[in-house]
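First comes the structure, then the notes that go with it.
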């Protein structure tokens with residue numbers, strides 16, 4: 001069965017001064033697949049993520065999500081469309097507990113407003129109980145349930161990385177962006193994340209990865225895009241990418 | 257429930273005890289003068305609790321907080337003194353008008369961040385103070401507004417310091433209860449997330465600008481109530497009270513008490529309201545001493561007094577075990 005395209009990037013360019021961090025880049029992500037973006041440092045991977053999640057706006061080009069253009073939408077509007085992400089340098093809420101972090105991921109699904117908060121209304125308590133249950137399940141999935149009340153700043157790097165994923169999942173995303181989620185993790189932790197990502201795809205989540213761990217990329221990805229200096233130099237299934245001479249050149253260098 | 261909201265129940269309990277003690281305060285107060293100072297401490301607590309919501313929870317600074325305090329005081333004062341409105345109606349009008357102003361001011365100002373926000377709010381504070389001085393047909397100008405009515409509801413007129421004490425501390429209780437509830441709510445969590453990482457909060461679907469605006473308005477609402485309480489207590493309001501000096505002093509109270517902690521603004525407001533009174537004994541040196549103490553607190557206990565007060569029971573228990 002041919003999957004429809006969930007995300008379509010069309011001639012996307014982002015310039016910082018004279019430097020084009022992303023240069024006339026086009027590719028598509030099919031629904032319910034895992035796509036990886038690889039490339040050397042400075043290839044524009046994180047900039048691309050920032051453009052897709054709305055933290056930065058492109059200089060030109062289009063980002064089409066579920067058939068509608070969204071390159072000028074604010075991040076919270078994109079979250080409402082079902083786009084969620086993690087960060088290369090964790091942006092965890094350090095002085096909040098693990099549970100509270102995930103609850104923020106779940107925020108969008110709540111309704112309680114200012115007066116519900118000030119007056120501590122029964123409605124807000126009901127809502128909180130539902131949200132808490134959902135978020136505790138996520139913490140359970142990620143293996144942090146017993147740390148639910150621990151403040152994030154007291155957690156290990158690996159735990160923080162996992163917590164960011166749980167927070168991103170709180171949104172119940174249709175499209176998940178993972179920015180180097182395995183960086184700095186042990187191989188066991190990386191395997192755990194790999195299994196989780198495959199699980200998510202099977203549940204219908206579309207995943208876009210930026211990743212340096214080639215073993216993980218080759219095992220997980222349905223398709224791979226290779227960037228160098230902001231431009232696409234290759235795209236295809238893992239096997240094709242492994243044998244692509246251009247990719248080998250970028251990664252290993254030429255003899256001269 | 258209590259497992260997942262560890263701080264809530266003890267805080268709620270301590271709030272009730274605290275309010276109870278304050279209600280009894282006039283009976284064991286050493287003299288009426290101290291009771292008066294305590295009333296002003298209550299007003300400061302209300303101001304600081306509001307400011308702490310903005311500064312401590314949402315991480316946004318305001319150097320114009322005293323101006324919203326003034327706005328509340330003047331709206332109430334003008335309506336009761338010049339237009340003979342009923343105090344209850346004037347109270348609501350003061351809250352409404354102040355919140356509306358904060359909303360209008362917040363829309364352009366809150367787009368600024370960090371130092372720029374500090375300077376922006378400082379400017380707003382100065383502009384409002386100029387209004388208080390220049391609209392003298394309404395505000396009484398530099399010499400102040402007189403004949404402001406004491407608060408009254410039904411037949412009950414709060415015309416003595418003792419009655420005002422209960423009025424003020426009832427509002428302090430409500431203000432603290434609101435802040436306590438808010439901290440653990442969906443809204444409060446979102447505010448705290450904005451302080452921790454605005455980018456991450458926004459990415460998770462938190463409408464950061466809208467929330468900053470809401471909290472800025474709420475903070476002004478707290479200030480407006482404090483303004484009404486102040487104006488009805490003194491039956492007088494003068495523009496210099498609501499200037500930059502007091503905006504900075506209120507920030508200092510929050511910082512000395514402990515930014516972002518529930519009891520911080522209470523502890524800070526109590527300390528910095530009473531400190532000048534005790535320093536009066538050292539005439540001529542008081543400002544110097546005040547400055548030295550403030551600087552000392554910032555250098556040696558940068559997290560403020562609240563964490564120390566909080567850990568007192570633990571120390572006492574440890575000493576008790578020996």
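Chains as they are written, first to last, in my numbering: chain A, 1 to 256; chain B, 257 to 578.
For each residue, glycine too, the CB sits at the ideal point set by N, CA and C.
Legend entry - Beta-carbon spacing of residue 442(B), residue 124(A) below 8 Å: Position 186 of the second chain, counted from the start, is the residue given in the question as residue 442(B). Position 124 of the first chain, counted from the start, is the residue given in the question as residue 124(A). Going by beta carbons, residue 442(B) and residue 124(A) fall inside the 8 Å limit.
Legend entry - Euclidean distance between Cα positions of residue 432(B) and residue 97(A): As a working note, residue 432(B) is residue 176 in the second chain. As a working note, residue 97(A) is residue 97 in the first chain. Cα-Cα distance, rounded: 23 Å.
Legend entry - Proximal chain A residues relative to residue 512(B), where beta-carbon distance stays under 7 Å: Here residue 512(B) refers to the residue found at position 256 of the second chain. In chain order: nothing, as chain A lies at least about 20 Å away.
Inset, instruction - Kindly list, in the order they appear in chain A, the residues whose Cβ is closer than 7 Å to that of residue 520(B). - result: If you number the second chain from 1, residue 520(B) lands on position 264. Simply none; closest approach about 14 Å.
Legend entry - Terminal residues of the beta strand (DSSP E) in which residue 8(A) lies: Taking the first residue of the first chain as 1, we reach residue 8(A) at position 8. Unbroken beta strand (DSSP E) run through residue 8(A): 5–16.
Legend entry - Close beta carbons around residue 63(A), own chain, < 8 Å, minus the five adjacent residues each side: Indexing the first chain from 1 puts residue 63(A) at position 63. The residues are 7, 8, 9, 10, 12, 51, 52, 69, 70 and 71.
Inset, instruction - Identify which residue in 167(A), 197(A), 182(A) and 135(A) has its Cα closest to the Cα of residue 222(A). - result: For the purposes of this step, residue 222(A) is taken as residue 222 along the first chain, with counting starting at 1. Ranking the options by Cα distance to residue 222(A), first place goes to 197(A).
Inset, instruction - Measuring only between beta-carbons, confirm whether residue 367(B) sits less than 8 Å from chain A. - result: Residue numbering aside, residue 367(B) sits at position 111 when the second chain is read from its first letter. False, the Cβ-Cβ gap to chain A never drops below 8 Å.
Legend entry - Minimum C-alpha distance to residue 170(A) - residue among 156(A), 131(A) and 145(A): In the first chain, the residue the question calls residue 170(A) occupies position 170. Considering only alpha carbons, the answer is 131(A).
Legend entry - Proximity below 8 Å, CB of residue 177(A) to CB of residue 65(A): As a first step, residue 177(A) must be located in the first chain, where it is residue number 177. As a first step, residue 65(A) must be located in the first chain, where it is residue number 65. Going by C-beta atoms, residue 177(A) is not nearer than 8 Å to residue 65(A).
Legend entry - Within chain A, partners of residue 452(B) - CB distance below 7 Å: Translated into the one-based positions of the second chain, residue 452(B) becomes position 196. Scanning chain A for C-beta atoms nearer than 7 Å to the C-beta of residue 452(B) yields 93, 94, 95 and 96, reported in chain order.
Inset, instruction - Using a Cβ-Cβ cut-off of 8 Å, state whether residue 120(A) counts as contacting chain B. - result: Position 120 of the first chain holds residue 120(A). Chain B, which has a Cβ nearer than 8 Å to the Cβ of residue 120(A), makes this yes.
Inset, instruction - Name the one or two DSSP bridge partners that residue 69(A) has. - result: As a first step, residue 69(A) is located in the first chain; it is residue number 69 there, counting from the start. Its beta-bridge partners are 64(A).
Legend entry - Proximity test, Cβ basis, 8 Å: residue 209(A) and chain B: As a first step, residue 209(A) must be located in the first chain, where it is residue number 209. No, residue 209(A) does not count as interfacial toward chain B.
Legend entry - Where residue 443(B) meets chain A, residues with beta-carbon distance less than 8 Å: On the second chain, position 187 is the one that residue 443(B) refers to. The contacting residues are 112, 113, 114, 116 and 117.
Legend entry - Cβ contact (3+ pairs, closer than 8 Å) linking the segment 274–289 of chain B and the segment 496–512 of chain B: no
Inset, instruction - State yes or no: is the beta carbon of residue 446(B) nearer than 8 Å to at least one beta carbon in chain A? - result: In the second chain, residue 446(B) corresponds to position 190, counting from 1. Closer than 8 Å to some Cβ of chain A, the Cβ of residue 446(B) qualifies, so yes.
Legend entry - Where residue 529(B) sits in the DSSP three-state scheme: Taking the first residue of the second chain as 1, we reach residue 529(B) at position 273. Residue state, collapsed to three classes: helix.
Legend entry - DSSP-derived helix/strand/coil call for residue 244(A): In the first chain, residue 244(A) corresponds to position 244, counting from 1. Coil.
Inset, instruction - With a 10 Å radius around its C-beta and 16 neighbouring C-beta atoms as the bar for buried, classify residue 434(B) as buried or exposed. - result: To locate residue 434(B), count along the second chain from 1; it is residue 178. Per the 10 Å Cβ criterion, buried.
Legend entry - Length of the line joining the Cα atoms of residue 337(B) and residue 377(B): Taking the first residue of the second chain as position 1, residue 337(B) is located at position 81. Taking the first residue of the second chain as position 1, residue 377(B) is located at position 121. Those two C-alpha atoms are separated by around 29 Å.
Inset, instruction - With DSSP collapsed to three states, give me the class of residue 85(A). - result: Sequence index remark: in the first chain, residue 85(A) carries index 85 (1-based). The DSSP-derived three-state label of residue 85(A) is strand.
Legend entry - Nearest candidate by alpha-carbon position, reference residue 300(B), set 552(B), 571(B), 529(B) and 356(B): By 1-based counting over the second chain, the position of residue 300(B) is 44. Minimum Cα distance to residue 300(B) is reached at 529(B).
Legend entry - Residue closest to residue 445(B), alpha-carbon to alpha-carbon, out of 273(B), 297(B) and 309(B): Within the second chain, numbered from 1, the residue matching residue 445(B) stands at position 189. When each option's Cα is compared against that of residue 445(B), the closest is 309(B).
Inset, instruction - Give the secondary structure of residue 185(A) by DSSP, where H, G and I count as helix, E and B as strand, and everything else as coil. - result: To locate residue 185(A), count along the first chain from 1; it is residue 185. Correct three-state label for residue 185(A): coil.
Legend entry - Short CB-CB distance (under 8 Å) between residue 474(B) and chain A: Sequence index remark: in the second chain, residue 474(B) carries index 218 (1-based). Chain A, which has a Cβ nearer than 8 Å to the Cβ of residue 474(B), makes this yes.
Inset, instruction - Flag residue 272(B) as yes if its beta-carbon sits less than 8 Å from any beta-carbon of chain A, otherwise no. - result: On the second chain, residue 272(B) is found 16 positions in, with the first residue counted as 1. False, the Cβ-Cβ gap to chain A never drops below 8 Å.
Inset, instruction - For residue 85(A), decide whether its Cβ has a neighbour in chain B, counting only Cβ atoms nearer than 8 Å. - result: For the purposes of this step, residue 85(A) is identified with residue 85 of the first chain, where counting begins at 1. Residue 85(A) counts as touching chain B.
Legend entry - Extent of the continuous alpha helix (DSSP H) run through residue 377(B): Residue numbering aside, residue 377(B) sits at position 121 when the second chain is read from its first letter. Where residue 377(B) is concerned, the enclosing alpha helix (DSSP H) stretches over 370–390.
Inset, instruction - Give the single residue among 225(A), 229(A), 241(A) and 160(A) whose Cα lies nearest to the Cα of residue 193(A). - result: Here residue 193(A) is taken as the residue at index 193 of the first chain, counted from 1. Ranking the options by Cα distance to residue 193(A), first place goes to 160(A).
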